[in-house]
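Undergrad: Pasting a structure here, questions to come.
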DNA sequence: CTCAATATCTGAGGATTGCTCGGCTTTCTC
DNA sequence: GAGAAAGCCGAGCAATCCTCAGATATTGAG
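Protein chains in written order, with this note's numbering: chain S, 2 to 208; chain A, 2 to 208.
What follows is the structure, encoded as structure tokens:
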């Protein structure tokens, strides 16, 4: 009795066979295409399923709700960015950190080029999940910042918890705002310069 | 013929009689209460109308859609904050700007205390409108920043357009993130310190 | 005060959309 | 190749946004 009151929900998880992994990928790609070509309003679950070539029921086998689709797209994007940042920080020269900071900023901005329609929806999706999902916040990059601080000890005034929080969210806020507002600054070198100035100014203690 | 194809839309504007002004206020207050007590999911247009004691049709006389209600709440909040900031900047001492910056930060943070459930929804509503409504972005505070720069000429390295954009969105990003994530930092002095450090560091040129 | 013009309010219901569930098909395992 | 497990299907329910045709309230000129 009560055979599948749980399983039905739990089934909405990771696919196991290769076929279903493809299904999930197809659904996410279809979502991205709809977002890019027709905008957020057109991103209905039925439309996604149709565009992906699956039944609506299949979609809901993997995603518990519409929001989860955006969430999954965001998670992939975020992992991609984090990986690039980690690669950059691996080359850090503790004597002269500014080039690394600049490189990291450039990498971050690089990830925000193209597919503006998709990115906008992803950002808003991320923010909607923020209080619930700790991974949704800019805090994921905190280990990188901590590493930067400890390896460059002596060069900077320590940030403390609040300082790290503010710096990470400040960067995210500036970049996300540029993306959402579709600011032409996004592509310009002056924008990169300003972000570097923001980071270095904060690290140096505002004095 | 074609008597009211336009008027019907145009009617969704400002109320003229005192009675309808009250209606709009009541609707906004009801929305705030629902948000605070029952969360965003409960904020349906029919529920708002019922809670405000009006028919759903009345609500749609003034607000073209659900989104517009959040937008109106955001506009009021924003005007309130901007007014407070203007008052702070009126007392600026060009010789020693840091106290004014600190005061402005404190004022901004003060506006983010209490009614967390409401604020979260407002912030997300603002961001959703960002590309369309220029007033929705942090750019509304740009005149204040420009004034600060010109009155303190010589103390700071000029920011330029990109610098101003980044600084304003960075502050907004940090504060909004704290609010949305319900971070306990929001109330702590260390958070204020970190924001001041962010601003001063950026103004001083990151060098 | 009267009454017509104007402003405001009403609420049933059309159109859409998110999502469920019982059952069918494909793939895996032994 | 047979049974089990994984994957897929899609009609339709419930919830929601929003419209529209007309009722009610207010105003102000005469």
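No residue lacks a Cβ here, since even glycine has one placed at the ideal position from N, Cα and C.
Just the C-alpha distance for residue 109/A and residue 54/S, rounded to the nearest angstrom, thanks.
TA: Distance between the alpha carbons of residue 109/A and residue 54/S is about 49 Å.
Undergrad: Reducing DSSP to helix, strand and coil, say where residue 157/S ends up.
TA: Strand at residue 157/S.
Undergrad: Quick check on the burial criterion: 16 or more other C-beta atoms within 10 angstroms. Buried or exposed for residue 164/A?
TA: Its Cβ being crowded by 16 or more others within 10 Å, residue 164/A is buried.
Undergrad: Assuming residue 17/A is part of the alpha helix (DSSP H), what are its boundary residues?
TA: Unbroken run through residue 17/A: none, as it is neither H nor E.
Undergrad: Counting along the chain, where does the alpha helix (DSSP H) carrying residue 111/S start and finish?
TA: 99-111 is the span of the alpha helix (DSSP H), which, as asked, contains residue 111/S.
Undergrad: Please say whether residue 46/A and residue 24/A have beta carbons closer to each other than 8 Å?
TA: Contact: no.
Undergrad: Please return the same chain residues whose Cβ sits closer than 8 Å to the Cβ of residue 131/A, not counting the five positions on each side in sequence.
TA: Excluding positions up to five away in sequence, the list reads 137, 138.
Undergrad: According to a CB-to-CB cut-off of less than 9 Å, which residues of the region 161-181 of chain A neighbour chain S?
TA: For the region 161-181 of chain A, which is checked against every Cβ of chain S, the residues closer than 9 Å are 161, 162, 163, 164, 165, 166, 167, 168, 169, 170, 171, 172, 173, 174, 175, 176, 177, 178, 179, 181.
Undergrad: Do we get a CB-CB distance below 8 Å when we pair residue 195/S with the residues of chain A?
TA: Yes, contact with chain A.
Undergrad: For residue 192/A, which residues in chain S fall below 9 Å Cβ to Cβ?
TA: Near residue 192/A (Cβ distances below 9 Å), the residues of chain S are 163, 166, 167.
Undergrad: Can you tell which of 162/S, 125/S, 75/S, 98/S has its C-alpha closest to the C-alpha of residue 152/S?
TA: If we check each option's Cα against that of residue 152/S, 98/S comes out closest.
Undergrad: Just checking my contact of residue 121/A with residue 49/A at CB under 8 Å: how many whole Å lie between their CB atoms?
TA: 17 Å between Cβ atoms; not a contact.
Undergrad: Does any residue of chain A bring its CB to less than 8 Å from the CB of residue 74/S?
TA: So no, residue 74/S is outside the interface.
Undergrad: Within the same chain, show all residues whose beta-carbon is closer than 8 Å to that of residue 16/S, passing over the 5 residues directly before and after it, in chain order.
TA: Excluding positions up to five away in sequence, the list reads 22, 24, 25, 63.
Undergrad: Between the beta-carbon of residue 202/A and the beta-carbon of residue 74/S, is there less than 8 Å?
TA: No, they are not a contact pair.
Undergrad: Against chain A, does residue 67/S count as a neighbour if the rule is that its beta carbon must be under 8 Å from one of theirs?
TA: It does not; no Cβ of chain A falls within 8 Å.
Undergrad: Whose C-alpha, out of 149/A, 189/A, 142/A, 80/A, is nearest the C-alpha of residue 173/A?
TA: Out of 149/A, 189/A, 142/A, 80/A, 142/A has the C-alpha closest to the C-alpha of residue 173/A.
Undergrad: Give a yes or no on contact between the region 103-119 of chain A and the region 31-46 of chain A, applying the rule of three or more CB pairs nearer than 8 Å.
TA: A contact exists between the region 103-119 of chain A and the region 31-46 of chain A.
Undergrad: Do the CB positions of residue 171/S and residue 171/A come within less than 8 Å of each other?
TA: Taking 8 Å as the Cβ cut-off, residue 171/S and residue 171/A qualify as a contacting pair.
Undergrad: Taking only runs of the alpha helix (DSSP H) that begin and end inside the region 29-108 of chain A, which ones reach a length of at least 4 residues, in chain order?
TA: DSSP runs (the alpha helix (DSSP H)) wholly in the region 29-108 of chain A: 46-53, 57-63, 67-90.
Undergrad: So, under 8 Å CB-CB, residue 205/A and residue 158/A are touching, yes? Tell me the CB distance rounded to an integer number of Å.
TA: Their Cβ separation, rounded to whole angstroms, is 7 Å, which keeps residue 205/A and residue 158/A in contact under 8 Å.
Undergrad: Using only the alpha-carbon positions, how far apart do residue 93/A and residue 18/A sit?
TA: Spanning the two alpha carbons is a distance of roughly 41 Å.
Undergrad: Cβ closer than 7 Å: which chain S residues qualify as neighbours of residue 152/A?
TA: Simply none; closest approach about 19 Å.
Undergrad: For residue 7/S, is the classification buried or exposed, using 16 other Cβ atoms within 10 angstroms of its Cβ as the cut-off for buried?
TA: With a pLDDT of 33 at residue 7/S, under the threshold of 50, the modelled position of that residue is not reliable, and no figure is offered here.
Undergrad: If you scan the region 126-185 of chain A from start to end, which runs of the alpha helix (DSSP H) of 4 or more residues do you find wholly inside it?
TA: For the region 126-185 of chain A, whole alpha helix (DSSP H) runs of length 4 or above, ordered along the chain, are 143-152, 161-181.
Undergrad: Residue 65/A to residue 100/S, Cα distance in whole Å?
TA: Whole-angstrom Cα-Cα distance: 50 Å.
Undergrad: Please list the partners that residue 139/S has in chain A, where partner means a Cβ-to-Cβ separation under 9 Å.
TA: In chain order: 174, 178.
Undergrad: Can you pull the chain S neighbours of residue 14/A, defined as C-beta to C-beta under 7 Å?
TA: By Cβ distance, chain S contributes nothing, its closest Cβ being about 24 Å from residue 14/A, past 7 Å.
Undergrad: Give the straight-line distance between the Cα atoms of residue 14/A and residue 87/S, rounded to the nearest whole angstrom.
TA: In a straight line, the C-alpha of residue 14/A is about 51 Å away from that of residue 87/S.
Undergrad: Just to confirm the assignment, what range does the alpha helix (DSSP H) spanning residue 198/S have?
TA: Counting along the chain, the alpha helix (DSSP H) containing residue 198/S begins and ends at 190-204.
Undergrad: Who are the Cβ neighbours of residue 1/S in its own chain at under 8 Å, not counting the five residues just before and after it?
TA: Given that chain S is displayed from residue 2 to residue 208, the structure contains no residue 1/S and the question cannot be resolved.
Undergrad: Short of 8 Å Cβ to Cβ, which residues in the region 110-122 of chain A face chain S?
TA: Those would be 121, in chain order.
Undergrad: DSSP three-state label for residue 121/S, please.
TA: Residue 121/S: helix per DSSP, three-state reduction.
Undergrad: Would you mind telling me which residues of chain S sit closer than 9 Å to residue 38/A, beta carbon to beta carbon, in chain order?
TA: Going along chain S, no residue has its Cβ under 9 Å from residue 38/A, so there is no contact; the nearest lies around 17 Å.
Undergrad: Under 8 Å, do residue 162/S and residue 123/S count as touching if we go by C-beta distance?
TA: No; because the gap between Cβ atoms is not below 8 Å, this pair is not in contact.
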